Each structure stands twice: as structure tokens, then as C-alpha cells.
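Chains as they are written, first to last, in the numbering used here: chain E, 680 to 911; chain W, 680 to 911. Below: the structure, in C-alpha cells.
What follows is the structure, given as C-alpha cells:
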């Protein structure tokens with residue numbers, strides 16, 4: 680019988696513990712772990728309070744041979760665990776080529792429940808969640824950033840959807856300032872930092888209401904920005 | 680000192696158990712639970728193996744007095760827990776008006792980590808997760824459905840994003856057939872049913888490859904449909 684490909688979520692904060700079902704039932708069944716890096720594995724072991732001692736492969740997605748070997752192992756009956764770096768596999772992370780190959784070979788893919796910072800930030804924003812879009816990292820150059828953000832703002836109004844974008848830790852403060860300059864004063868804007876922890880920084884105000892002091896609460900940490908232009 | 684508004688995730692499947700941090704640390708601190716319905720509360724208690732015996736209010740979001748009373752309670756020092764029906768609060772669920780009011784009053788909002796079927800389905804689809812949009816329920820009438828889906832497909836290609844839509848359980852089989860008729864043969868299409876459980880039904884194929892037998896695997900259960908037109 681074929682093995683299965685389990686998608687393991689990883690912690691999105693340094694606090695807390697993982698859910699029982701994963702630890703008690705699935706982890707011991709995994710004979711091949713596919714990981715992005717050692718740091719992710721340490722984080723996972725600490726979060727779920729487990730010790731992984733089965734075979735571990737570092738992911739090499741652009742190497743067809745790697746994908747082939749992984750599929751062969753699963754088809755021969757081994758259960759494999761694809762471990763996310765943070766949050767969920769394949770959501771703004773590698774993993775999709777491996778998953779695609781498993782689909783082609785009819786290998787069952789089981790996504791184990793876990794949090795994503797994107798949907799947690801959306802929940803905490805209180806912005807409409809009936810329709811939303813995640814755009815990943817935004818353009819670096821101000822010349823490209825301005826029309827990009829304006830397009831998203833217009834679409835938010837037109838399609839009544841909440842827009843979500845991401846920023847790398849070190850650029851958070853400057854991007855926050857830029858976004859508040861680009862967006863309309865009457866757009867609702869939320870910045871969310873350290874979501875998943877018990878002390879996140881989440882601020883929601885109309886663009887015109889954001890003050891320098893508000894901005895100063897956001898440090899060089901992973902941050903999600905959310906906005907919705909339907910409240911004017 | 681002000682209380683906090685905790686957003687509690689609920690299970691998205693009947694299997695499994697919730698995470699430790701929530702049970703052990705936060706649940707006993709909550710003196711006011713705000714719930715959508717009794718069923719959600721039962722589900723939550725079973726999932727986390729807890730008994731809720733503090734005050735419980737059923738949410739009445741369109742009643743400003745309800746929101747005001749809830750805010751007053753939190754401001755007087757009580758921690759409140761807003762409980763989702765399934766998955767996360769406010770992501771395709773009520774709760775956003777309460778959260779919005781808490782933001783206005785500077786009440787700390789703590790989204791506790793939990794899974795959303797949307798991001799789990801995205802992970803398991805193996806479709807690109809760098810950019811994706813969730814559009815909620817789709818138009819009922821075929822006349823509106825056709826241009827809506829075509830617009831999403833075009834945008835998927837243009838913006839290189841994965842599109843996600845939802846269907847109510849009883850309409851799943853017929854909508855699946857309709858979508859496969861509307862979308863281009865070379866669009867990658869994924870149907871995902873019962874994600875979050877240990878035996879989900881997830882199929883990914885180009886539209887042209889879907890067979891009647893494939894369609895027959897999907898019953899009248901909550902289902903997410905995902906597609907991406909960038910693989911032609």
C-alpha cells in the first residue's frame with residue numbers, strides 16, 4: 680500500500696504548544712521528514728515537544744531527481760512528513776512542487792490543522808473576511824509600489840475585499856510609513872505584528888488617523904498589513 | 680485594568696484535539712463567552728475537552744446595544760472570548776463588528792492560533808500560495824456565475840494568483856460540474872472536501888482531465904474549490 684504525504688504546520692510564535700492529534704498519532708508514523716532547514720526542525724520539535732529520529736531530507740524542489748526519489752519512497756509504503764518553516768506548507772513557502780508531484784501519482788495528501796499568520800491577522804483585524812486576497816511581498820521600488828498599492832485599494836473598493844500584504848522584518852517601519860502615504864485617508868488600515876503570540880501588536884485605524892506614535896509601536900518584526908477601502 | 684478580547688478558533692473537523700496553550704492558560708481566564716450558537720460551543724468543548732461554566736452570550740452583532748454592553752464588560756476588566764463556529768472568527772463568519780468596536784476602544788485583541796479550512800486547502804492543493812484570493816460563496820444563478828468565474832480565471836492568469844471559492848454542502852456536486860464546464864481546459868483545478876480531518880478528499884487535475892468518476896468522489900459536504908490559470 681502507498682504511503683501518504685502529511686503536511687505538518689509549524690509554530691508561528693515561540694509561545695505555546697502544538698495540538699495533540701499530531702504528536703500522538705501521526706509523528707511516530709512518519710519515516711521520512713522533508714524539511715526546509717534545521718531551524719524549522721528545531722522549532723517544530725520544541726513546539727510539539729517531540730524528538731524526530733527518523734530520516735530527514737532537506738528539500739531541493741528544483742531538483743527533479745529529489746522529487747522523484749521522495750515520491751518513490753512514499754509509493755513504496757513510507758509515510759512522509761513535509762514540514763513548514765513557519766505556519767503552513769506552501770502558503771508563501773516552498774513545497775508546492777512536491778505536493779504537485781504527489782497529486783499526479785495519486786498519493787493521499789493530508790494537511791494537518793495548523794495556524795497561518797495570514798488568517799489570524801485577518802481575524803484580528805475585524806476587516807471583512809468574506810472576501811480577501813493575499814499578495815505576498817510587495818514591490819521594493821517606490822515607483823512600482825505606488826501603482827501596485829493604488830491598484831489593490833481600487834480593487835478592494837470595487838470587489839469589496841480585504842487586501843493583505845507582507846513585509847520582511849527589517850523594512851517594516853519604512854514600509855508602514857510609505858503605505859500610509861500612498862493609501863487614501865478614508866481607507867481602513869491594519870498593521871499586525873507577532874500574531875500567534877499572546878502579545879501581538881495590532882492596530883486598526885483609518886489611514887488619516889494613524890499617528891507617528893502609532894507607527895512607532897511597530898519594530899523590525901514580521902508584519903502583515905491589511906486594508907479595506909469599503910468603509911468610506 | 681482593561682480586559683482583553685481573545686479570539687478562539689474552533690475545530691474544523693470532528694477528529695483531533697486542540698492545542699495546549701489555549702486550554703491550560705486562557706480558557707479559565709475568560710469570564711464572558713460570546714458565541715454564535717450552542718452547537719459551536721458543544722463542538723469547542725468536545726474538541727478542547729473542557730467545560731465552559733462562565734457567562735455565555737449569544738452574539739447579536741447588528742444590535743449596537745449588544746456590542747456596547749460587551750465592550751463595557753471588557754473595559755471593566757473582564758477577559759472575553761469570542762468563539763468561532765468553525766475555524767477562525769471573522770474569516771467568512773460573524774464577529775467583525777465586535778472586533779471593530781474593540782479596536783476603537785483600544786481593547787487588546789488576541790487571535791489564538793487555529794486552523795482555517797481555506798489555508799489548509801491551499802496548502803494541500805500545491806497551487807502557488809504566494810498570492811491567493813478567497814471569494815467566499817459564489818453567485819447562485821448560472822447567468823451570474825459564468826462571468827464571475829471567467830473574471831476570476833482571467834485575473835488568476837494576469838496577477839498570477841490562486842483563486843479560492845466556497846460552496847454550501849448540498850450544492851457541491853452540481854457546482855463542481857458547472858465549474859468544470861466554465862473554466863478553460865488548461866486551468867489547474869482542485870476540489871477539497873473535509874480538510875482538517877485525517878481523511879480529506881482532495882483532487883487536483885487540469886480541468887480537461889477531470890472525469891465523471893473524479894466528480895463522483897465529492898458528496899454533499901463543505902467544499903473548497905481552488906484554481907490557477909498560470910500553468911498553461
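Built from N, CA and C at the ideal position, the CB exists for glycine as well. Treat the numbers as computed from the prediction; the structure is a model and nothing was measured.
Alpha-carbon spacing of residue i relative to residue j, whole angstroms
{"i": "residue 808 of chain E", "j": "residue 794 of chain E", "result": "16 angstroms"}
{"i": "residue 761 of chain W", "j": "residue 853 of chain W", "result": "35 angstroms"}
{"i": "residue 763 of chain E", "j": "residue 712 of chain W", "result": "33 angstroms"}
{"i": "residue 801 of chain W", "j": "residue 687 of chain W", "result": "22 angstroms"}
{"i": "residue 812 of chain W", "j": "residue 810 of chain E", "result": "7 angstroms"}
{"i": "residue 848 of chain E", "j": "residue 792 of chain E", "result": "26 angstroms"}
{"i": "residue 838 of chain W", "j": "residue 821 of chain W", "result": "25 angstroms"}
{"i": "residue 893 of chain W", "j": "residue 883 of chain E", "result": "44 angstroms"}
{"i": "residue 742 of chain E", "j": "residue 817 of chain E", "result": "28 angstroms"}
{"i": "residue 875 of chain W", "j": "residue 863 of chain E", "result": "39 angstroms"}
{"i": "residue 776 of chain W", "j": "residue 806 of chain E", "result": "9 angstroms"}
{"i": "residue 861 of chain W", "j": "residue 815 of chain W", "result": "18 angstroms"}
{"i": "residue 868 of chain E", "j": "residue 845 of chain W", "result": "26 angstroms"}
{"i": "residue 691 of chain E", "j": "residue 683 of chain W", "result": "21 angstroms"}
{"i": "residue 722 of chain E", "j": "residue 689 of chain E", "result": "7 angstroms"}
{"i": "residue 757 of chain W", "j": "residue 799 of chain E", "result": "22 angstroms"}
{"i": "residue 752 of chain W", "j": "residue 745 of chain W", "result": "11 angstroms"}
{"i": "residue 896 of chain W", "j": "residue 858 of chain W", "result": "16 angstroms"}
{"i": "residue 910 of chain E", "j": "residue 836 of chain E", "result": "9 angstroms"}
{"i": "residue 680 of chain W", "j": "residue 786 of chain W", "result": "10 angstroms"}
{"i": "residue 841 of chain W", "j": "residue 779 of chain E", "result": "14 angstroms"}
{"i": "residue 879 of chain W", "j": "residue 870 of chain W", "result": "10 angstroms"}
{"i": "residue 826 of chain W", "j": "residue 788 of chain E", "result": "32 angstroms"}
{"i": "residue 904 of chain E", "j": "residue 824 of chain E", "result": "14 angstroms"}
{"i": "residue 907 of chain E", "j": "residue 866 of chain W", "result": "29 angstroms"}
{"i": "residue 716 of chain W", "j": "residue 881 of chain W", "result": "29 angstroms"}
{"i": "residue 900 of chain W", "j": "residue 766 of chain W", "result": "16 angstroms"}
{"i": "residue 736 of chain E", "j": "residue 710 of chain E", "result": "11 angstroms"}
{"i": "residue 898 of chain W", "j": "residue 796 of chain W", "result": "17 angstroms"}
{"i": "residue 733 of chain W", "j": "residue 873 of chain E", "result": "29 angstroms"}
Bounding residues of the alpha helix (DSSP H) (the contiguous stretch that carries residue i)
{"i": "residue 746 of chain W", "result": "743 to 754"}
{"i": "residue 809 of chain E", "result": "Note, residue 809 of chain E: premise wrong, no alpha helix (DSSP H); not H, not E."}
{"i": "residue 896 of chain W", "result": "Element bounds for residue 896 of chain W: n/a, residue is neither H nor E."}
{"i": "residue 717 of chain E", "result": "717 to 727"}
{"i": "residue 733 of chain W", "result": "Here residue 733 of chain W belongs to no alpha helix (DSSP H), and DSSP marks it neither H nor E."}
{"i": "residue 827 of chain E", "result": "821 to 838"}
Residue(s) in a DSSP beta bridge with residue i
{"i": "residue 709 of chain E", "result": "E/758"}
{"i": "residue 871 of chain W", "result": "W/881 and W/903"}
{"i": "residue 844 of chain E", "result": "E/904"}
{"i": "residue 689 of chain W", "result": "W/766"}
{"i": "residue 794 of chain E", "result": "W/794"}
{"i": "residue 816 of chain W", "result": "W/845"}
{"i": "residue 786 of chain E", "result": "Bridge partners of residue 786 of chain E: none, in fact."}
Contact list for residue i against chain E, beta-carbon separation under 7 angstroms
{"i": "residue 768 of chain W", "result": "802"}
{"i": "residue 798 of chain W", "result": "767, 770, 795, 797 and 798"}
Opening and closing residue of the beta strand (DSSP E) in which residue i lies
{"i": "residue 883 of chain E", "result": "880 to 885"}
Residues that residue i contacts on chain E, provided the C-beta gap is smaller than 8 angstroms
{"i": "residue 675 of chain W", "result": "Outside the modelled stretch of chain W, which goes from 680 to 911, sits residue 675 of chain W, for which no answer is possible."}
{"i": "residue 775 of chain W", "result": "805, 806, 807 and 808"}
{"i": "residue 812 of chain W", "result": "810, 811, 812, 813 and 840"}
{"i": "residue 691 of chain W", "result": "792"}
{"i": "residue 779 of chain W", "result": "805 and 883"}
Partners in chain W for residue i, counting only beta-carbon separations shorter than 7 angstroms
{"i": "residue 874 of chain E", "result": "790"}
{"i": "residue 881 of chain E", "result": "788"}
{"i": "residue 793 of chain E", "result": "794"}
{"i": "residue 782 of chain E", "result": "805 and 883"}
Coil, strand or helix - residue i by DSSP
{"i": "residue 738 of chain E", "result": "coil"}
{"i": "residue 876 of chain W", "result": "strand"}
{"i": "residue 684 of chain E", "result": "strand"}
{"i": "residue 861 of chain E", "result": "helix"}
{"i": "residue 778 of chain W", "result": "helix"}
Amino acids of chain E, ordered along the chain, whose beta-carbon sits closer than 9 angstroms to that of residue i
{"i": "residue 932 of chain W", "result": "This structure does not reach residue 932 of chain W, given that chain W is present from 680 up to 911, and the question cannot be answered."}
{"i": "residue 908 of chain W", "result": "By Cβ distance, chain E contributes nothing, its closest Cβ being about 15 angstroms from residue 908 of chain W, past 9 angstroms."}
Neighbour flag for residue i against chain C, beta carbons, 8 angstroms
{"i": "residue 877 of chain E", "result": "Given the protein chain composition of this structure (E and W), no chain C is represented."}
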